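Below is one structure, written out as structure tokens, with a few remarks after it.
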Amino acid sequence: MRSLLPSMKLVRLFIPLCLLLSLSANSTATERTAPSTPLPLRIGLTPVFLDDQSAFLNKWRDYLQHKLARPVIFVQRGSYREIVDLLRDDKLEFAWLCGYPYIRNKNHFLLVAVPLYHDEPLYHSYLIVPATDIKTSSLDNLRGKVFAFSDPDSNSGYLYTAYLLAKQGVVPATYFSKSFYTWSHRKVVEAVAAGLAQGGSVDGYVWDTLSKIHPELTSRTRVVTESPKFGFPPIVASRSVSKHDIATMQQVLTQMANNKEGAYLLHQFNLNGFVSGNPHLFDSISDMYHFVDKKRANAAP
Amino acid sequence: MLHLKHISLGYKIPLRVAVLVIVTASVLAPVLVYRSIGNLRDNMIGNADSLGHVIADTLIEPILHEDVWRAFEIINIPFSLPQDQNRNQGAEYILVLDAENKVFVSTQPQRFPILTDPTTIEPGLLPIVANPPELHAPAPVIIETRQLSSFYLATAIQSDGVRLGTLIVSYSKEPFEKRFYSLTQSAILITLLVLAVLLPLGVYWAKKMAAPLLQLSESMNRITPNIPEPTEIELEESNDEIGQLAKSFKTMLAELKGKEQLQQQIIVSDRLAAIGRLTAGVAHEINNPLGGMLNAISTYKRHGVQDPLTLKTLSILERGLQQIKETVAALLVETKSQTRPFDLNDVTDICTLVQADLSGKQVSFTCDIDIVNTQPVSSTLVRQIIINLLLNAIHATQWQGCVHLHIWRDSSYLFIEVLNDCSYIPKEKISYLFEPFTSLNQSGNGLGLWVIYQIVQQLGGVITVQSEPDETRFIIQLPLQETHE
Chain A
1 MRSLLPSMKL VRLFIPLCLL LSLSANSTAT ERTAPSTPLP LRIGLTPVFL
51 DDQSAFLNKW RDYLQHKLAR PVIFVQRGSY REIVDLLRDD KLEFAWLCGY
101 PYIRNKNHFL LVAVPLYHDE PLYHSYLIVP ATDIKTSSLD NLRGKVFAFS
151 DPDSNSGYLY TAYLLAKQGV VPATYFSKSF YTWSHRKVVE AVAAGLAQGG
201 SVDGYVWDTL SKIHPELTSR TRVVTESPKF GFPPIVASRS VSKHDIATMQ
251 QVLTQMANNK EGAYLLHQFN LNGFVSGNPH LFDSISDMYH FVDKKRANAA
301 P
Chain B
1 MLHLKHISLG YKIPLRVAVL VIVTASVLAP VLVYRSIGNL RDNMIGNADS
51 LGHVIADTLI EPILHEDVWR AFEIINIPFS LPQDQNRNQG AEYILVLDAE
101 NKVFVSTQPQ RFPILTDPTT IEPGLLPIVA NPPELHAPAP VIIETRQLSS
151 FYLATAIQSD GVRLGTLIVS YSKEPFEKRF YSLTQSAILI TLLVLAVLLP
201 LGVYWAKKMA APLLQLSESM NRITPNIPEP TEIELEESND EIGQLAKSFK
251 TMLAELKGKE QLQQQIIVSD RLAAIGRLTA GVAHEINNPL GGMLNAISTY
301 KRHGVQDPLT LKTLSILERG LQQIKETVAA LLVETKSQTR PFDLNDVTDI
351 CTLVQADLSG KQVSFTCDID IVNTQPVSST LVRQIIINLL LNAIHATQWQ
401 GCVHLHIWRD SSYLFIEVLN DCSYIPKEKI SYLFEPFTSL NQSGNGLGLW
451 VIYQIVQQLG GVITVQSEPD ETRFIIQLPL QETHE
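Line by line, the protein sequences are chains A and B.
Everything in the first sequence is counted per my numbering, starting at 1 for the first residue and increasing by one.
Everything in the second sequence is counted per my numbering, starting at 1 for the first residue and increasing by one.
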């Protein structure tokens, strides 16, 4: 404003400008060195739960930020593999993923917590068919049909079915006339409900939770068989994350059931809580993986 | 059988107008419906075309990656939009065929399972499968047949000139049919409304147009047997052709009427002239021997035997012959005698002469004399005419009635008008009025008017009678004989 006055001299215009510049330089310098603002925690999410409820996720993030006393960023991607890659590349500190990618990257990931479902850190894989199909009683009836998987890196949504087929000496690509991935358990339910696929492998926990929130969707499908219990998709950390951060996260998650806000969020998750968990929970998944992998290696010329 | 040309214009013109209105309305309504449906269809095809191209382009990657689920999500987008469900023009289903024309994905997976041959499920798709759309076709292939309940728009899905598959969007004809019915319904309704307004209006105008023609035709029919008075004919006056025709018709009617009257007059005067000639001939033939007979009786009375019986007989004969002589003399009107011209004194005399008869019946008598000096007509004859007419009038009028005399002249005629009230000469009697022995009353000899007529005829004048129920008027028109002195 001063510069607009015609009587102003150049010197008198220059001094305040210099002052202003030096002030702003100082302020940025103080920000950079301030230890008070911790770096945000980046947590990768996969569709092992109903990760498409943005408003609910915001509440959970706020809860975590509050409890961890540092910013939390949720990172979502189209497939498990992308989250796994991000975690391995230290682009994420934590991730909630399936037991299958966990056991495959055991050397890179640390187990932080396992959710409790029906008071157990376990869940099933369901084989579902459209509700109109009342004949199908097992996977054997689905030979030559169209089948929906959720993700090639999902235990309940792919590995278990692939394992069952491998035991018969077949692979999904030939056993079914066509199979496709929907990249989400929920969409497997939708694909089967619409009749797009005549069968699908789906996370039992997701199906059960969906049947509570959207019974009109799950009612159009029928659960044919339930798998044995597997370790529930765990929350893992990159090995580069400090032990303190892991412990804090473990603490916050396992304590969720003990406060009102956390209990409310768990109720929304349709879970009972989190436990620190044992890596051996996922041994059965590991066995299946090795079996399928061996069969595949044998099949390959 | 009733042929159209025999029907009255009163029905024919409104009928033709009505037919014209109905034909116009019933041609316009289907044309409008057809146009609307055409527009609707073009709109829908335009929409479907752009939708098809957008979806076909988006489907390239999922088909290349065999990502059935993504393709399913993409083709379901148009169906998940709430406003599309409300729109009638929404597609029925979308079907994606792979390069082998097997079902890749569809929005109705239960009806079209993946990898099935769509033609076994929907034979209507056979033309598309047999002849898939060209890769760079500017317009979609439209398959529509009467037998099918749907029509299909096919768009090629291609990547870098390689056919990946075909996108088929199916549209049910039902909304079209519904729209067609509703359009037709409203078109019929509007047509009926228009007809309800135009038809009565058209018929009214047509009737109005036909009315003068009908009037004219009816008036023409009335010419026979008797030509009506022009006042009896009611014709609309206007300057159009029909009005001119009516005017000409009226003129013609007036001329016909005049001609008829003239003919009537000629007949009457011819008859009267013939009677006059006959009477004059007979009277002359009677007069000669009559004079001899009267002379003989007179001579015999003077010189013959005075026998009382003979005298008495002769006297009877003489009186009888005398009566014959008087009658014959009355029939033989003689106007040759030269007398003095008619003047005002004659009028005074006439008034005096009829006074006795007037007071006898207490008739009020008025005179209107518009002449001042002598008129060059025979006073004897004019007096005879006036007295005869006045006596007739006094006789014809009622007790205490009115009689009026009016005398006036113009440059060449003297007019005498006598009128009385309360007597009526029927029309049929007027033709015979001036014939001898046609008496309207019991006391007269029926020669009064005959004499007047003969005098007027011989003087070269005209006598006219106008008789209305409460007034009878005699007008005599006599030519003035200009003196050569």
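The beta carbon of each residue, even a glycine, is placed where N, CA and C say it ideally should be.
All values derive from a computational prediction rather than experimental measurement.
- A direct Cα-to-Cα measurement between B:PHE112 and B:SER150 gives close to 16 Å.
- Residues LEU125, LEU126 and VAL129 of the same chain have their beta carbon placed closer than 7 Å to that of B:THR119, with the five preceding and five following residues left out of the count.
- Counting only runs of at least 3 residues, the stretch 127-166 of chain A fully encloses the following beta strand (DSSP E) elements, listed from N- to C-terminal order: 146-149.
- Looking at B:ILE121, B:ILE168, B:GLY161 and B:PHE104, the one whose alpha-carbon comes closest to that of B:PRO132 is B:ILE168.
- A buried status is given to B:THR397, since no fewer than 16 other beta-carbon atoms sit within 10 Å of its beta-carbon.
- Taking 8 Å as the upper bound on Cβ-Cβ separation, chain B lies near residues SER177, LYS178, PHE180, TYR181, THR182 and TRP183 of the stretch 153-183 of chain A.
- At least one C-beta of chain B is nearer than 8 Å to the C-beta of A:GLY195.
- Separation of the CB atoms of A:ASN105 and A:VAL72 is rounded to 22 Å, and the pair is thereby denied contact status at 8 Å.
- In this structure, the alpha-carbon of A:LEU97 lies about 6 Å from that of A:PRO233.
- Contact between A:PRO121 and A:GLY231 holds, since their C-beta atoms are separated by about 6 Å, short of 8 Å.
- In the DSSP assignment, A:LEU41 falls within the beta strand (DSSP E) that extends over 41-45.
- Using a CB distance cut-off of 8 Å, A:ALA191 counts as an interface residue toward chain B.
- Secondary structure of B:HIS53 (DSSP, three-state): helix.
- Listed in chain order, the positions of the stretch 102-114 of chain B with a beta carbon within less than 9 Å of a beta carbon of chain A are VAL105, SER106, THR107, GLN108, PRO109, GLN110, ARG111, PRO113 and ILE114.
- Contact check for A:VAL114 and A:PHE274: beta-carbon distance about 7 Å, within the 8 Å limit, so the pair qualifies.
- Within the stretch 185-224 of chain A, the beta strand (DSSP E) runs of at least 3 residues that lie entirely inside it are, in chain order, 199-203.
- Per DSSP, reduced to three states, the secondary structure at B:GLY401 is coil, with no helix or strand assignment.
- With a threshold of 8 Å between beta carbons, B:ASP67 makes contact with chain A.
- Between B:PHE72 and chain A, the shortest Cβ-Cβ separation is below 8 Å.
- Taking 8 Å as the cut-off, the beta carbon of B:LEU9 is found closer than this to the beta carbon of B:LEU214.
- Per the coordinates, the alpha-carbon of B:ILE297 lies some 26 Å from the alpha-carbon of B:VAL333.
- In the structure shown, the three-state DSSP call for A:TRP183 is coil.
- In terms of Cα proximity to B:LYS250, the closest of B:MET220, B:ASP240, B:MET209 and B:THR279 is B:MET220.
- If you compare the alpha carbons of B:LEU381, B:ALA18, B:GLY304 and B:LEU311 with that of B:LEU192, the shortest gap goes to B:ALA18.
- Using a Cβ-Cβ cut-off of 8 Å, A:VAL146 counts as an interface residue toward chain B, since at least one Cβ of chain B sits closer than that to its own.
- Beyond the five residues adjoining it in sequence on each side, B:LEU135 comes within less than 8 Å, by CB distance, of ALA156, GLN158, GLY161 and ARG163 in the same chain, given in chain order.
- Counting only Cβ-Cβ distances below 7 Å, A:LYS187 has contacts in chain B at TRP69, in chain order.
- In this structure, B:LEU389 and B:PHE474 form a Cβ contact; the two beta carbons are roughly 5 Å apart against a cut-off of 8 Å.
- When beta bridges are read from the DSSP output, B:ALA196 appears opposite no residue.
- Only buried fits B:PHE104, as 16 or more other CB atoms lie within 10 angstroms of its CB.
- For the 8 Å CB-CB criterion, A:GLU226 and A:HIS124 form a contact.
- Annotated three-state conformation of A:PRO228 is coil, per DSSP.
- For B:VAL347, the enclosing alpha helix (DSSP H) starts and ends at 344-361.
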